[in-house]
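Visitor: One structure, pasted below without further comment.
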Amino acid sequence: MVQITLLTIDNYGSWTHTLGNDREHKLQMYQSSLYEATQNMFSVYGGLVFANRFDEFFAITDGISYSTHLEIKTKLQDLFPFEISMAIANAKSPFLANKQAHLAQISMDCSNLISAAIRKDSVNDGVHLIHLDIEGITQMRKNTSPYEITLLVQATHQIISYYCYDNNLLGFFMGGDNFVIVSDSQTQTHSKNLAALIQKNLNIVVNCGIGAEKTARIAMAMATKNLDEIRRLRGLGCDFPRILDNNTAVNEFSNLPIRN
């Protein structure tokens, strides 16, 4: 089971019009500030937040209770001049949890609430994440313009997004040439499939670090550690794997200051 929280700015379109025509720079700042605030508040409890269209966010919230969600929501409402709703759901696959959260959200009679579709018999069997990056972007910059590189990154994102959709996963762009896939337990299989698809369609190579733990933040730390190890070995000129899943990273992150 994976637990997803969908955070949405309510009535955002109508609220933006109250700012007048000279508003776009303000909206970008509000959205960036909201992302920073949600990431900060959820990560304290082991969660991880992903931006989705900037007026909406996904949080991976395994181990975070309803009461903690309420506490976070109250703090957010004190910080921002618009209403924010949350919908929490868990399911066997990340994409299904997203669907269940959406159904819980649209079933609410009014905005500015927290709805939940949580199975009481659910077991936290771990968050499985893949941290993927594109090999050789730094080298490409010598002969390729920034905008052309962006087109390549967007094409990679599209392949990842549709693969995730077809396999009941969720995929997110994290900036630069980095992506995170919220996976099921078949992380090695998905990493190999994605690497093959991207190379076939775009003729580029990707690296995948894999992490699995009870909370998203620690799973992300493990995935990033494994991706960093691939980069380290590459820098030494050694033979190195393109996909690395090394559970010896668990102990290093077991004492992170995460609240219960």
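Numbering-wise (numbering that gives the first Met the number 0), the sequence shown opens with residue 0 and increments by one. By construction, the Cβ of each residue, glycine as well, lies at the ideal position given by its N, Cα and C atoms. All figures in this text were calculated on a predicted structure; none of them were measured in a lab.
Please classify H16 as buried or exposed, where buried requires at least 16 neighbouring CB atoms within 10 angstroms.
Guide: By the neighbour-count rule (16 or more Cβ atoms within 10 Å), H16 is not buried but exposed.
Visitor: Could you round the C-beta distance between V126 and A220 to whole angstroms and report it? I think they count as a contact, below 8 angstroms.
Guide: The Cβ separation is near 11 angstroms, so there is no contact.
Visitor: Quick check: what's the CA-CA separation for I158 versus V204?
Guide: Going by the C-alpha atoms only, they are around 13 angstroms apart.
Visitor: Between L102 and N167, which are expected to be in contact by the criterion C-beta below 8 angstroms, what is the C-beta distance as a whole number of angstroms?
Guide: Rounded, the Cβ-Cβ distance is 16 angstroms, inconsistent with contact.
Visitor: Rank F56, A36 and Y29 by C-alpha distance to the C-alpha of I87 and give the top, closest one.
Guide: For the residues F56, A36 and Y29, the minimum Cα distance to I87 belongs to F56.
Visitor: Ignore the nearest five residues each way along the sequence and tell me which others in S184's own chain have a CB closer than 7 angstroms to its CB.
Guide: Closer than 7 angstroms at Cβ, skipping near neighbours: H127.
Visitor: Return the CA-CA distance between L18 and S84, expressed in angstroms with no decimal places.
Guide: About 21 angstroms.
Visitor: If we ignore side chains and look at the alpha-carbon of each, how far apart do M107 and I113 end up?
Guide: M107 and I113: Cα-Cα distance of roughly 9 angstroms.
Visitor: Can the beta-carbon of V181 be found less than 8 angstroms from the beta-carbon of V1?
Guide: Yes, Cβ-Cβ distance for V181 and V1 is below 8 angstroms.
Visitor: Within the region 190-249, note down every full beta strand (DSSP E) run reaching 3 residues or more, in order along the chain.
Guide: Entirely contained in the region 190-249, the beta strand (DSSP E) runs reaching 3 residues are, in chain order, 205-212 and 242-244.
Visitor: Determine the burial state of L226: buried for a count of at least 16 other Cβ atoms within 10 Å of its Cβ, exposed for fewer.
Guide: L226 comes out buried.
Visitor: Do G186 and I229 have their CB atoms nearer than 8 angstroms?
Guide: According to the sequence provided, residue 186 is Thr. The question's Gly does not apply to it. Cβ distance not < 8 angstroms, so T186 and I229 don't count as in contact.
Visitor: Given a threshold of 16 other Cβ atoms within 10 Å of its Cβ, counted over all protein chains shown, does H24 qualify as buried or as exposed?
Guide: Counting Cβ neighbours within 10 Å, H24 comes out exposed, since fewer than 16 surround it.
Visitor: Between the alpha carbons of R22 and I242, how many angstroms are there, rounded?
Guide: About 44 angstroms.
Visitor: Output needed for S190: all residues of its chain with C-beta closer than 7 angstroms, excluding positions within five of it in sequence on either side, in chain order.
Guide: Same-chain partners within the cutoff: I129, C207, I209 and I242.
Visitor: Can you have a look at C237 and say buried or exposed, based on whether 16 or more other CB atoms are within 10 angstroms of its CB?
Guide: Per the 10 Å Cβ criterion, exposed.
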